[in-house]
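What follows is a short report on a single structure.
Chains as they are written, first to last, in this note's numbering: chain S, 1 to 158; chain D, 1 to 754.
This is how it looks when you write it as structure tokens:
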């Protein structure tokens, strides 16, 4: 099968790659570009571990084709911190121990970033439903919700 | 080295604080490397062909077409994993589960595998493998499988543990019995007796990271395995034995692990990856799909349990009895045995008897799942306890307090308890504001207790002090939820230095002595004991070096708060030497400074918990909602309280999923119908409330800091606590887990119809 040439923007950088027409954006990120922060927990869009933001929209990268990234802006966990400055969500996840094994963490951080961009002052219920597309099996979500609440406060003050 | 593991009271400086974990930054930036995040030059993609049949003889496998496909570098079947188990039946079963040898024993059983240059070619190659099956009758239900007329899964199995060897083979592999006293006499003394049967369905650990590994076997017999596992030393032993490698030549590196909960204590596809690499002569990466994870790894037992408990009018339990049938998958296990041991462990009983039956079924091999076997037994027993309290007209907490085991109680499974936490967790639950909070319509409150043994085991730890005074701690227990933070705290505590001076890592199998795996809630218990021992050994060296620097006898040097102190007035002019001062001079005082420890961490302290929950039931739909949830558990000593809370919350959440929704659903064809997160639905964020925790600290006398394991007990009470809450909400006793809406509606309908 002939590869598809794609020009896109990932975390602010211009990126070009060749991918197969049936290859997912997740596979491209992980296997072609070495961006392994997005995880494959299911491959069917049910767990959210592969969450990325494409043109301001939260998506499961396992449900997007690599070819579909043409001309778009993709944001992944690797671009969340600014240099050595962690994003407030990253910092609050650490402080609240909002991760145990950590495999779901990149997806949760991306989803929470998207949530706060759209709703800077979410209620607990809005956080819970906003993050309901991301599965965590370790924490029971308690500390994740608290970390997002705390980060929202910090970001409002910033 | 004369290490004294006994508890001694102390004022802690580091232990009990809540610093950020050392591996945290990599995990929030996406840099942490899990099983599937590692690659090697020249690596191939491995894929496994799995049986679509629940039970079938494999008559012939033709791999010739797959082998001819361009880009395919190796195709293997069971022939490429010859039987080297030398009569070791348990190892043979692991081998057979990795790759079916004569029969496919469940939907999803591996029958062949390929390694190809990319995933697409590997998938194509699987389609070209022709397997000739002779489909056999199958059985997937635990009660049906135990019947004498059920299809036989293994005709070499004759029930063990009976007085006489049975004449015919059976799917019941073993009978075990525990208890003491005379239950017949006890029931005769009872004023009230509750007798009920319960069922629980099979669940999966549900770790978000599928099994993944990269295997590289060299022609000279050396090999590397990168893998997500709870126990890389155990994986090394098993893989080396199955592949015919020398253990020391197989280096296993544990990746960051994306959840295990017991499911990553067993080798699954790793021997296959190694066999593929050996045949292809190149590294092979093998990652399971989620479908494969559900069909071929994990799950826990499905169970069928009968319970009978009798009590006097004053609330004293006079006798308790349980018969427990646990599914094992197609290979013998000891799951019912563990259930039979834990069933009545919370109580002080004069007459108690439990009998366990291990039952083979055509489902994936049962694997450990967090306090394996205990939640189902607790569901049955704690439901019956609640019902008995109700019949007696006693408060459910008071009834449990009256009968709770105490220090000196002989446990139903044999030993006599030391200091334990069941009574204190019950008292704390009784006094918790949650118990007094008002309930609304259609809401019910439930509570239940849980027990887990906790394990210790073989442990080896290295503590190395750098010349700049920083400390690297190498442990061999995989960090599943923050143990590098807790072990760094322990090293800092013992050495008397700051947490930030210590960096803990999990070492590979070639860098450290053997360690048992992270199971049985042993990670922090056993590795903290070994870390304390290693630190104390390092302190001996530090004192010796300080003595050299001062040119005084080492017996005159003590270690306090991270400094060597010269004892006595005659040394008044000698200022204390910090660890950093001593480390800086190590090159001229005898070389590197380190402390090592190899020990068997005996004396793991048993653990108890009491949970309270409020559930709202919609009587029209049978839908449930968890309104409030509280966990009270004894930690012995909470080394890093935030991560202890996390263990309590996580276990409760898993228990909530198990109680209300999760189950393996098999069709009549013996195929798993819901092998994905859409249809096997684990709790999501919007399903749960905050989970309140209360940590009790009743020191374990067999650990220097009093630490007990904390990871598993939290999943034991939820099934029963929620069942009691639902039963209280709807006025009907729930006896089948999960209490999904259709089951709740059916129970309500049955009650209405009388």
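Note that the Cβ used here is the ideal one computed from N, Cα and C, for glycine as well.
- Bridge partners of residue 563 (chain D) according to DSSP: D:560 and D:578.
- The beta carbon of residue 189 (chain D) is closer than 6 Å to those of 318 in its chain, skipping five residues each way along the sequence.
- Contacts with chain S at 8 Å (Cβ-Cβ) include residue 29 (chain D).
- When only Cα atoms are considered, residue 223 (chain D) and residue 527 (chain D) end up about 27 Å apart.
- Using a Cβ-Cβ cut-off of 8 Å, residue 141 (chain S) counts as an interface residue toward chain D, since at least one Cβ of chain D sits closer than that to its own.
- Distances from the alpha-carbon of residue 14 (chain S) to those of S:72, S:25 and S:21 put S:72 closest.
- Residue 21 (chain S) has a beta carbon lying at 8 Å or more from every beta carbon in chain D.
- Residue 202 (chain D) sits away from residue 275 (chain D), with the two beta carbons spaced by 8 Å or more.
- According to the DSSP assignment, residue 97 (chain D) belongs to the alpha helix (DSSP H) that extends over 89-98.
- Listed along chain S, the residues sitting closer than 7 Å to residue 652 (chain D) by beta-carbon distance are 140.
- By the Cβ criterion, the stretch 428-438 of chain D is in contact with the stretch 621-630 of chain D, since at least three pairs of Cβ atoms, one from each stretch, lie closer than 8 Å.
- At a cut-off of 8 Å between beta carbons, residue 44 (chain S) contacts chain D.
- Closer than 8 Å to the CB of residue 396 (chain D) there is not a single CB belonging to chain S.
- With contacts defined by Cβ atoms closer than 8 Å, residue 26 (chain S) and residue 16 (chain S) do not form a contacting pair.
- Exclusion of the five residues before and after residue 404 (chain D) leaves 346, 347, 348, 422, 423 and 426 as the residues of its chain whose Cβ lies within less than 7 Å of its Cβ.
- Between residue 231 (chain D) and residue 518 (chain D) a beta carbon distance of about 6 Å is seen, short of the 8 Å cut, so the two are scored as contacting.
- In terms of Cα proximity to residue 498 (chain D), the closest of D:99, D:255 and D:12 is D:12.
- The DSSP-derived three-state label of residue 106 (chain S) is helix.
- Within the stretch 447-512 of chain D, complete alpha helix (DSSP H) segments of at least 4 residues are found at 483-495, given in chain order.
- Distance from the CA of residue 106 (chain D) to the CA of residue 289 (chain D), rounded to the nearest whole angstrom, comes to 17 Å.
- Look at residue 357 (chain D) here: in three-state DSSP terms it is strand.
- For residue 390 (chain D), the uninterrupted alpha helix (DSSP H) run begins and ends at 374-392, by DSSP.
- Selection D:474, D:36 and D:393 evaluated against residue 507 (chain D) yields D:474 as nearest (Cα-Cα).
- A straight-line Cα-Cα distance of about 7 Å links residue 610 (chain D) and residue 717 (chain D).
- At a C-beta separation below 7 Å, residue 37 (chain D) has these neighbours in chain S: 36.
- Rounded to the nearest angstrom, the gap between the Cα atoms of residue 253 (chain D) and residue 748 (chain D) is 53 Å.
- The C-alpha of residue 308 (chain D) is placed about 15 Å away from the C-alpha of residue 315 (chain D).
- Flagged as an interface residue toward chain D: residue 47 (chain S), by a C-beta distance shorter than 8 Å.
- For the C-beta of residue 480 (chain D), the chain S residues within less than 8 Å are, from N- to C-terminus, 100 and 101.
- In this structure the stretch 658-678 of chain D lies against the stretch 46-54 of chain D, because at least three pairs of beta carbons, one per stretch, are closer than 8 Å.
- Residue D:368 holds the alpha-carbon nearest to the alpha-carbon of residue 335 (chain D) among D:384, D:250 and D:368.
- Taking C-alpha positions only, residue 156 (chain D) is separated from residue 332 (chain D) by approximately 11 Å.
- Of S:78, S:56 and S:45, the smallest CA-CA separation from residue 69 (chain S) is found for S:56.
- Close to chain S, meaning a Cβ-Cβ distance shorter than 8 Å, is no residue of the stretch 495-528 of chain D at all.
- Between the alpha carbons of residue 28 (chain D) and residue 263 (chain D) lies a distance of about 24 Å.
- Of the residues S:118, S:157 and S:104, the one whose Cα lies closest to the Cα of residue 685 (chain D) is S:104.
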